[in-house]
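One structure is given below, encoded as structure tokens.
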Amino acid sequence: MPHSANSRYKNRLLGLLDPQDMSLLSPHLERVELGLRDRLEQRGMPIKFVYFIEEGIGSIVARMAHGRDTEVGLLGHEGMTGTVAVLGGDLAPHECFVQAAGAAMRIPIAPFRDAFEQSPTLQRFLLQFVQCLMMQTSYTALANARLRLEGRLARWLLMCEDRAGTELNITHEFLSIMLGVRRPGVTVAVQILEGNGLIRAMRGKIVIRDREGLIALADGSYGAPEAEYEKLLGSSPVRFKVVATSTAVSP
Amino acid sequence: MALARYYFDVRSNDRLFSDTEGTWLAGGMDAVRTEAFSALTDYAREVTPTIIRRRLSVEVRDEHRQPLLKAVLVLVIEVLASDDPEPPNH
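Just so you know, the protein sequences line up as chains U and Z, in that order. The numbering of the first sequence is my numbering, which starts it at 799 and goes up by one. The numbering of the second sequence is my numbering, which starts it at 681 and goes up by one.
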């Protein structure tokens, strides 16, 4: 249940903190703009800030030589960057950059660590988010191993919609990097989804039309991490709740 | 080598998936060949084997939409033993 004192924070984790833990963080929190492609973490370098995202999307990107970067995690208003700090490390394992512009409440790493060390309840709470992020990553691995590109694209679009809404500003070029596939594959996958009425694709933009259809195409790879978040943290990470429609069948 | 824009269309039997946004590549025709060939093999992994003959092609055009090259893969299933008790006449 979100604490009313924290309701001014659009980030869900901050909104769920108990007042005591919030008082440890709030003197050091600062609202910042997140510009498109801003780098929040650099692989192998010390983390400088922890960002509690309010609007927009952060991508965690794993690097491989010869331009084979692939997105391995998505963060939005439901999450935070810097989870390695929660686990006791100080160097970022991957790149993290802003995929959709927005804003965040950020805290420098030193006061974050102090607050974390002082409070067992804050530790337990943030570790639950780390569990949610691990679950997201494991379902990404499953989807990448087993689904055709259309299914992976469907899942990715659902996760973006949860964080940034129904209209997404993305190019096919960008999609090929995020999904770790050759550019022509993206052409095919987008047109298959569009042909099935699931999305509308315009230059540089994708609009989601049929969320239930996308969930079906994702074939079980979407939903479990989101349900785990709701179970552990008591709040749904989905920004746009799907309203179940019942279809009346005439006798 | 400088970045240049190309259009990679994918054709699967009768169905054409047209590259509406274009693709930027550095490395000239070598890069184009690699991208076209890799796209073919990626796509071949994803097709369902319900059709007996599938012709996949990646057709590349330059920034003026003039054809540059075509990479083709044909997947065929030849049925060698029939479930039919009567063998077919040839």
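We treat Cβ as the ideally placed atom computed from N, Cα and C, and that holds for glycine.
Review point. Among Ile858/U, Asp836/U, Gly1032/U and Leu838/U, which one has its Cα closest to the Cα of Thr935/U?
Key: On the first sequence, residue 935/U is found 137 positions in, with the first residue counted as 1. Comparing Cα-Cα distances from Thr935/U to each of Ile858/U, Asp836/U, Gly1032/U and Leu838/U, the minimum goes to Ile858/U.
**Study point:** Neighbouring residues, chain U, relative to Asp722/Z (Cβ below 9 Å)
**Key:** By 1-based counting over the second sequence, the position of residue 722/Z is 42. Result: Leu947, Val979, Arg980, Pro982 and Gly983.
Review point. Does the beta carbon of Val712/Z sit closer than 7 Å to a beta carbon anywhere in chain U?
Key: Taking the second sequence and counting its residues from 1, one reaches residue 712/Z at position 32. Not one beta carbon of chain U lies nearer than 7 Å to the beta carbon of Val712/Z.
Review point. Which residues mark the beginning and the end of the alpha helix (DSSP H) in which Asp689/Z is found?
Key: Translated into the one-based positions of the second sequence, residue 689/Z becomes position 9. Per DSSP, Asp689/Z is not a residue of any alpha helix (DSSP H); the beta strand (DSSP E) it occupies stretches across Leu683 to Ser692.
Review point. For a contact meaning CB atoms closer than 8 Å, what does Thr730/Z contact in chain U?
Key: The residue labelled residue 730/Z in the question sits at position 50 within the second sequence. Listed by position along chain U, the residues whose Cβ is nearer than 8 Å to that of Thr730/Z form an empty set, because the closest Cβ is around 14 Å away.
Practice item. Assign Lys808/U to one of three DSSP states: helix, strand, or coil. Key: Counting from 1 along the first sequence, the entry for residue 808/U is found at position 10. It is coil, neither helix nor strand.
Check your understanding: Looking at the unbroken alpha helix (DSSP H) that takes in Tyr1027/U, where does it start and where does it end?
Key -> Translated into the one-based positions of the first sequence, residue 1027/U becomes position 229. That run of the alpha helix (DSSP H) goes Ala1022 to Leu1031.
Review point. Going by DSSP, what residues sit across from Leu834/U in a beta bridge?
Key: Looking up residue 834/U in the first sequence gives position 36. Answer by DSSP bridge pairing: none, since Leu834/U is not bridged.
Review point. In chain U, which residues lie with their C-beta within 8 Å of the C-beta of Ser827/Z?
Key: The question about residue 827/Z has no answer, for chain Z in this structure spans 681 to 770.
Exercise for review: Helix, strand or coil for Leu925/U, going by three-state DSSP, please let me know.
Suggested key: Within the first sequence, the letter at position 127 stands for residue 925/U. Of the three classes helix, strand and coil, the one that applies to Leu925/U here is helix, per DSSP.
Review point. Helix, strand or coil for Ala863/U per DSSP?
Key: Reading the first sequence from its first residue, position 65 is the one you call residue 863/U. Here Ala863/U sits in coil by DSSP.
Review point. In its own chain, which residues sit with a C-beta less than 8 Å from the C-beta of Leu945/U, not counting the 5 before and 5 after it?
Key: One-based indexing of the first sequence puts residue 945/U at position 147. Around Leu945/U: Arg953, Ala1016, Asp1017 and Ser1019.
Exercise for review: Answer yes or no: does any C-beta atom of chain Z fall closer than 7 Å to that of Leu986/U?
Suggested key: Here residue 986/U corresponds to residue number 188 of the first sequence, with the count starting at 1. Note on identity: in this sequence residue 986/U is Val, with Leu being the wrong assignment. Interface residue, yes.
**Study point:** Start-to-end residues for the alpha helix (DSSP H) that takes in Leu951/U
**Key:** As a position in the first sequence, residue 951/U is number 153, starting the count at 1. In the DSSP annotation of this structure, the continuous segment of the alpha helix (DSSP H) that includes Leu951/U starts and ends at Leu947 to Ala962.
Review point. For the beta strand (DSSP E) that contains Thr703/Z, what are its first and last residues?
Key: One-based indexing of the second sequence puts residue 703/Z at position 23. Thr703/Z -> beta strand (DSSP E) spans Thr703 to Ala706.
Review point. Could you give the residue range of the alpha helix (DSSP H) that holds Arg1009/U?
Key: For the purposes of this step, residue 1009/U is taken as the residue at position 211 of the first sequence. Per DSSP, the continuous alpha helix (DSSP H) segment holding Arg1009/U begins and ends at Arg1009 to Leu1015.
Exercise for review: Assign Leu760/Z to one of three DSSP states: helix, strand, or coil.
Suggested key: Counting from 1 along the second sequence, the entry for residue 760/Z is found at position 80. Residue state, collapsed to three classes: coil.
Point to revise | Distance, Val848/U Cα to His970/U Cα | key: The count along the first sequence starts at 1 and reaches residue 970/U at position 172. The count along the first sequence starts at 1 and reaches residue 848/U at position 50. For the pair His970/U and Val848/U, the Cα-to-Cα distance works out to about 30 Å.
Check your understanding: In angstroms, rounded to a whole number, what distance separates the CA positions of Asp742/Z and Ala684/Z?
Key -> Along the second sequence, one-based indexing puts residue 742/Z at 62. Along the second sequence, one-based indexing puts residue 684/Z at 4. Distance between the alpha carbons of Asp742/Z and Ala684/Z: 8 Å.
Practice item. State the CB to CB distance for the pair Val712/Z and Tyr686/Z, rounded to an integer number of angstroms; the pair is presumed to be in contact (CB under 8 Å). Key: If you number the second sequence from 1, residue 712/Z lands on position 32. If you number the second sequence from 1, residue 686/Z lands on position 6. Going by Cβ atoms, the distance from Val712/Z to Tyr686/Z rounds to 6 Å, so yes, they are a contact pair.
Practice item. Compute the distance between the beta-carbons of Leu753/Z and Val740/Z, then report whether it is under 7 Å. Key: For the purposes of this step, residue 753/Z is taken as the residue at position 73 of the second sequence. For the purposes of this step, residue 740/Z is taken as the residue at position 60 of the second sequence. Not closer than 7 Å, so no.
Practice item. Can you give me the start and stop residues for the beta strand (DSSP E) that Pro906/U sits inside? Key: As a position in the first sequence, residue 906/U is number 108, starting the count at 1. First-last of the beta strand (DSSP E) with Pro906/U: Glu893 to Pro906.
Review point. Could you give the C-beta distance for Glu828/U and Arg904/U, rounded to a whole number, given that I count them as a contact under 8 Å?
Key: The count along the first sequence starts at 1 and reaches residue 828/U at position 30. The count along the first sequence starts at 1 and reaches residue 904/U at position 106. About 6 Å separates the CB atoms of Glu828/U and Arg904/U; that is less than 8 Å, so the two are in contact.
Point to revise | Spatial distance of Pro1023/U from Met709/Z (CA atoms) | key: On the first sequence, residue 1023/U is found 225 positions in, with the first residue counted as 1. On the second sequence, residue 709/Z is found 29 positions in, with the first residue counted as 1. Between Pro1023/U and Met709/Z, the alpha-carbon positions lie close to 43 Å from each other.
Exercise for review: Check whether the segment 818-827 of chain U touches the segment 913-923 of chain U, taking contact to mean three or more Cβ pairs, one atom from each stretch, closer than 8 Å.
Suggested key: Yes, they touch.
Practice item. Answer with buried or exposed for Ile732/Z, where buried requires no fewer than 16 other C-beta atoms within 10 angstroms of its C-beta. Key: Counting from 1 along the second sequence, the entry for residue 732/Z is found at position 52. Answer is exposed; the Cβ neighbour count stays below 16.
Check your understanding: On the three-pair Cβ rule with 8 Å, is the segment 973-993 of chain U touching the segment 720-729 of chain Z?
Key -> These segments touch.
Practice item. Give the C-beta separation of Gln840/U and Glu893/U to the nearest angstrom, bearing in mind that I take them to be a contact with Cβ-Cβ under 8 Å. Key: Here residue 840/U refers to the residue found at position 42 of the first sequence. Here residue 893/U refers to the residue found at position 95 of the first sequence. Contact holds; Cβ gap of about 6 Å.
Review point. For Thr969/U, which three-state DSSP category applies?
Key: Position 171 of the first sequence, counting from 1, holds the residue named residue 969/U. Thr969/U: coil per DSSP, three-state reduction.
Practice item. Hey, could you find the ends of the alpha helix (DSSP H) Gly993/U is sitting in? Key: Taking the first sequence and counting its residues from 1, the one referred to as residue 993/U is at position 195. First-last of the alpha helix (DSSP H) with Gly993/U: Arg981 to Gly993.
Check your understanding: Can you tell me whether Glu715/Z is buried or exposed, with buried defined as 16 or more other CB within 10 angstroms of its CB?
Key -> Taking the first residue of the second sequence as position 1, residue 715/Z is located at position 35. By the neighbour-count rule (16 or more Cβ atoms within 10 Å), Glu715/Z is buried.
Exercise for review: Return the chain-ordered list of same chain residues with a C-beta closer than 6 Å to the C-beta of Arg1037/U, the five sequence neighbours on each side being excluded.
Suggested key: Locating residue 1037/U in the first sequence gives position 239, counting from the first residue. Take Arg1037/U, set aside five residues on each side of it, and the residues of its chain with a beta-carbon closer than 6 Å to its own are Asp960, in chain order.
Practice item. Go ahead and label Met1000/U buried or exposed: buried means 16 or more other beta carbons lie within 10 angstroms of its beta carbon, across all protein chains shown. Key: Residue numbering aside, residue 1000/U sits at position 202 when the first sequence is read from its first letter. Looking at its Cβ environment, which holds fewer than 16 other Cβ atoms inside 10 Å, Met1000/U is exposed.
Practice item. Give a yes or no on whether 7 Å exceeds the smallest Cβ distance from Pro701/Z to chain U. Key: Working through the second sequence from its first residue, we reach residue 701/Z at position 21. Sequence check: residue 701/Z is Glu here, not Pro. Glu701/Z counts as touching chain U.
Check your understanding: In its own chain, which residues sit with a C-beta less than 8 Å from the C-beta of Gly1002/U, not counting the 5 before and 5 after it?
Key -> For the purposes of this step, residue 1002/U is taken as residue 204 along the first sequence, with counting starting at 1. Excluding residues within five positions, the ones whose Cβ falls inside 8 Å are Asn967, Ile968 and Thr969.
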